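Structure first, then comments.
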Amino acid sequence: MTRTLLADAPRALAFLVSQQAFIEPTVYRARYPAIRYPRLVPVDTAAPEWVPTVTYFSVDRVGQATWVHGAAADVPKVELTRRQHETAVAMAGIGYGYDLEELGKAQLLGMNLDADKADAARLASEEFIDQVALFGDPAKGFSGLLNHPGVTVGSAAATGANGSTAWAQKTPEQILADVNGQLIGIFTGSNTVEMADTLLLPYEQMLGIGLRRLDGISPLTLLDWIRRHNVYTLETGQELTVYGVRALETAGTGGTARLVAYRRDPSVLKLWLPMPFRFFPAWQTGPWRFEVPGAFRLGGLDIRRPAACRYLDGI
Numbered sequence: 004m005t006r007t008l009l010a011d012a013p014r015a016l017a018f019l020v021s022q023q024a025f026i027e028p029t030v031y032r033a034r035y036p037a038i039r040y041p042r043l044v045p046v047d048t049a050a051p052e053w054v055p056t057v058t059y060f061s062v063d064r065v066g067q068a069t070w071v072h073g074a075a076a077d078v079p080k081v082e083l084t085r086r087q088h089e090t091a092v093a094m095a096g097i098g099y100g101y102d103l104e105e106l107g108k109a110q111l112l113g114m115n116l117d118a119d120k121a122d123a124a125r126l127a128s129e130e131f132i133d134q135v136a137l138f139g140d141p142a143k144g145f146s147g148l149l150n151h152p153g154v155t156v157g158s159a160a161a162t163g164a165n166g167s168t169a170w171a172q173k174t175p176e177q178i179l180a181d182v183n184g185q186l187i188g189i190f191t192g193s194n195t196v197e198m199a200d201t202l203l204l205p206y207e208q209m210l211g212i213g214l215r216r217l218d219g220i221s222p223l224t225l226l227d228w229i230r231r232h233n234v235y236t237l238e239t240g241q242e243l244t245v246y247g248v249r250a251l252e253t254a255g256t257g258g259t260a261r262l263v264a265y266r267r268d269p270s271v272l273k274l275w276l277p278m279p280f281r282f283f284p285a286w287q288t289g290p291w292r293f294e295v296p297g298a299f300r301l302g303g304l305d306i307r308r309p310a311a312c313r314y315l316d317g318i
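Following the numbering used here, the numbering of the sequence shown begins with 4 at its first residue and continues without gaps.
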């Protein structure tokens, strides 16, 4: 019996290794609609996989032109100030495994191993990255898109019924004023350099304005109207991107609903992902247990220009 088990284990491992080629391409092609970070923030995978930190520099200009005399010797000069920034990179992992009995049955029946376990492992990695991108991780010193301390936080105007700040109690004009206030605040707060092109809303508010018609005659919804009449669209001619994001219902100060406005551009913010999730070779972890480890390396969300982002609480 002992000789049989020892002979079966190497064959089982070889079978699992051969199956990885069948399972993994299917898993890597999968897309998960519940994962939000790829459409909300730019993702940078250009850094070397095993780099411990990502370093980048920001440059600012000091000095301006002025009138000078043709014989002047003191011509104004421009100077550049350069600041260095570093983002730590950490590794996380998730894998899957089989026991000897599972592999033996598949061999006996001539069946391929299904991709359910590998798919579940990759989904777990995507959920982890999604959580870090949106909410950060205090243990690693990461902040997220929805709670970054460097972003300016404002409170919605109490212009609704009975002095309410909630959108459910406001007129279309008052809601549009809240939206435009954030967009204009970013534009003026950045010395007219930045203009937000993306708006994130709690699902309740997103559905509220998406289903609410302007009047009893027009089929136009409040969301359609906001997309057409916000200052970003009026200034650029491009449509404002609006997404509903779960967890924004309580992301604001005191557990209030939060609106997030920002410019979705790598120069403003990016998620560092030097090593996207991948599986490593299968190995035997016990007498009858075989595992396939998976890992990825993540640097957190880096908001390089906080002036291009704003929060509005209490909507």
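From the three backbone atoms N, C-alpha and C, an ideal C-beta is built for every residue, glycine too. On a predicted model such as this, the values are computed, not experimentally measured, just so you know.
Assign Ala254 to one of three DSSP states: helix, strand, or coil.
Here residue 254 refers to the residue found at position 251 when the sequence shown is read from its first residue. Taken through DSSP and simplified to helix, strand or coil, Ala254 comes out as coil.
Give me whichever residues DSSP pairs with Leu262 in a beta bridge.
Position 259 of the sequence shown, counting from 1, holds the residue named residue 262. Note: Leu262 sits in a beta bridge opposite Leu315.
Spatial distance of Gly1 from Arg39 (CA atoms):
Residue 1 lies beyond the range of the chain shown here (4 to 318); nothing can be said about it.
Comparing C-alpha positions only, which one of Phe145, Tyr101, Ala254 sits nearest to Glu89?
Along the sequence shown, read from residue 1 onward, the residue named residue 89 stands at position 86. When only C-alpha atoms are compared, the closest one is Phe145.
In whole angstroms, what is the alpha-carbon distance linking Gly255 and Arg261?
For the purposes of this step, residue 255 is taken as the residue at position 252 of the sequence shown. For the purposes of this step, residue 261 is taken as the residue at position 258 of the sequence shown. Rounded to whole angstroms, Gly255 to Arg261 spans 5 Å at the Cα level.
What are the boundary residues of the alpha helix (DSSP H) that includes Leu274?
Stepping through the sequence shown from its first residue, residue 274 is reached at position 271. Counting along the chain, Leu274 falls outside any alpha helix (DSSP H), though it belongs to the beta strand (DSSP E) covering 272-275.
Do you know offhand how far Ala10's Cα is from Asp119's?
Here residue 10 corresponds to residue number 7 of the sequence shown, with the count starting at 1. Here residue 119 corresponds to residue number 116 of the sequence shown, with the count starting at 1. Because the pLDDT of Ala10 is 48, which lies under 50, any placement of that residue in the model is unreliable, and the question is left without a value.
Supposed close pair Leu137, Leu149 - CB separation, criterion 8 Å:
Residue mapping note: residue 137 aligns to position 134 of the sequence shown, counting from 1. Residue mapping note: residue 149 aligns to position 146 of the sequence shown, counting from 1. Indeed they touch by this definition, with Cβ atoms about 5 Å apart.
Could you name the residues of the same chain whose beta carbon sits closer than 7 Å to that of Leu225, not counting the 5 residues immediately before and after it, in chain order?
Within the sequence shown, the letter at position 222 stands for residue 225. The beta carbon of Leu225 lies closer than 7 Å to those of Pro175, Ile178, Ile212, Arg215, Leu217 in the same chain, with the five residues before and after it left out.
Ala50 beta carbon less than 8 Å from that of Val57
In the sequence shown, counting from the first residue as 1, residue 57 sits at position 54. In the sequence shown, counting from the first residue as 1, residue 50 sits at position 47. Yes, these two residues count as a Cβ contact at 8 Å.
Considering only their Cβ atoms, is the gap separating Gly297 from Gly98 smaller than 8 Å?
For the purposes of this step, residue 98 is identified with residue 95 of the sequence shown, where counting begins at 1. For the purposes of this step, residue 297 is identified with residue 294 of the sequence shown, where counting begins at 1. In this structure, Gly98 sits near Gly297, with a CB-CB distance shorter than 8 Å.
Are there 16 or more other CB atoms within 10 angstroms of the CB of His72, so buried, or fewer, so exposed?
What you label residue 72 is simply residue 69 of the sequence shown in a count that begins at 1. Counting of Cβ neighbours within 10 angstroms places His72 among the exposed residues, the total staying below 16.
Test item: CB-CB of Ala142 and Arg300 under 8 Å:
Taking the first residue of the sequence shown as position 1, residue 142 is located at position 139. Taking the first residue of the sequence shown as position 1, residue 300 is located at position 297. No. Outside cutoff.
Can you tell me where the alpha helix (DSSP H) holding Val135 begins and where it ends?
The residue labelled residue 135 in the question sits at position 132 within the sequence shown. Run containing Val135: 119-138, per the alpha helix (DSSP H) assignment.
Out of Gly192, Ala121, Glu129, Val46, point me to the one whose CA is closest to Val156's CA.
For the purposes of this step, residue 156 is taken as residue 153 along the sequence shown, with counting starting at 1. Val156 has its Cα closest to that of Gly192, out of Gly192, Ala121, Glu129, Val46.
Spatial distance of Gly153 from Gln185 (CA atoms)
Residue 153 sits at position 150 when you count from the first residue of the sequence shown. Residue 185 sits at position 182 when you count from the first residue of the sequence shown. About 16 Å.
So, helix, strand or coil for Trp170, using DSSP?
In the sequence shown, counting from the first residue as 1, residue 170 sits at position 167. Looking at Trp170 - three-state DSSP - the assignment turns out to be helix.
Name the one or two DSSP bridge partners that Thr58 has.
Against the sequence shown, residue 58 aligns to sequence position 55. Thr58 pairs with Glu89.
Do you know offhand how far Asp305's Cα is from Phe280's?
To locate residue 305, count along the sequence shown from 1; it is residue 302. To locate residue 280, count along the sequence shown from 1; it is residue 277. If I take the Cα positions, the gap works out to 19 Å.
From Met198 to Glu294, what does the alpha carbon distance come to, in whole angstroms?
Here residue 198 corresponds to residue number 195 of the sequence shown, with the count starting at 1. Here residue 294 corresponds to residue number 291 of the sequence shown, with the count starting at 1. Cα-Cα distance, rounded: 49 Å.
Delimiting residues of the alpha helix (DSSP H) encompassing Ala43
Translated into the one-based positions of the sequence shown, residue 43 becomes position 40. What sits at residue 43 in the sequence shown is Leu, not Ala. Taken as a continuous stretch (DSSP letters only), the alpha helix (DSSP H) holding Leu43 covers 40-43.
Reducing DSSP to helix, strand and coil, say where Leu116 ends up.
Here the question's residue 116 lines up with position 113 in the sequence shown. In this structure, Leu116 counts as coil in the three-state DSSP scheme.
Determine the direct distance from the alpha carbon of Ala123 to that of Ala285, and round the result to whole angstroms.
Numbered from 1 along the sequence shown, position 282 holds the residue referred to as residue 285. Numbered from 1 along the sequence shown, position 120 holds the residue referred to as residue 123. Using only the alpha carbons, I get a separation of about 17 Å.
For Tyr246 and Asp140, the rounded distance between their alpha carbons
Here residue 140 is taken as the residue at index 137 of the sequence shown, counted from 1. Here residue 246 is taken as the residue at index 243 of the sequence shown, counted from 1. Answer to the nearest angstrom: the Cα atoms are 23 Å apart.
May I ask you to report which of helix, strand or coil DSSP gives Trp228?
Working through the sequence shown from its first residue, we reach residue 228 at position 225. Trp228: helix per DSSP, three-state reduction.
Tell me which same chain residues have a C-beta within less than 8 Å of the C-beta of Lys273, skipping the five on either side of it?
Taking the sequence shown and counting its residues from 1, one reaches residue 273 at position 270. Same-chain partners within the cutoff: Val44, Pro45, Val46, Asp47, Leu304, Asp305, Arg307.
Nearest residue (CA-CA) to Val81, options Ala159, Ala75, Thr69
Residue 81 sits at position 78 when you count from the first residue of the sequence shown. For Val81, the nearest C-alpha among the options comes from Thr69.
With DSSP as the reference, label Leu103 as helix, strand or coil.
Working through the sequence shown from its first residue, we reach residue 103 at position 100. Helix, per DSSP.
Can you tell me whether Val234 is helix, strand or coil according to DSSP?
The residue labelled residue 234 in the question sits at position 231 within the sequence shown. Note: Val234 maps to helix in three-state DSSP.
In this structure, does DSSP put Phe145 in helix, strand or coil?
Along the sequence shown, one-based indexing puts residue 145 at 142. Strand at Phe145.
What whole-angstrom Cβ distance do Arg313 and Ile189 have, given they're in contact under 8 Å?
Position 310 of the sequence shown, counted from the start, is the residue given in the question as residue 313. Position 186 of the sequence shown, counted from the start, is the residue given in the question as residue 189. Confirmed, Cβ separation roughly 5 Å.
Assign Arg102 to one of two classes, buried (16 or more other C-beta atoms within 10 Å of its C-beta) or exposed (fewer than that).
If you number the sequence shown from 1, residue 102 lands on position 99. Reading the sequence as shown, one finds Asp at residue 102 and not Arg. Flag for Asp102 reads exposed.
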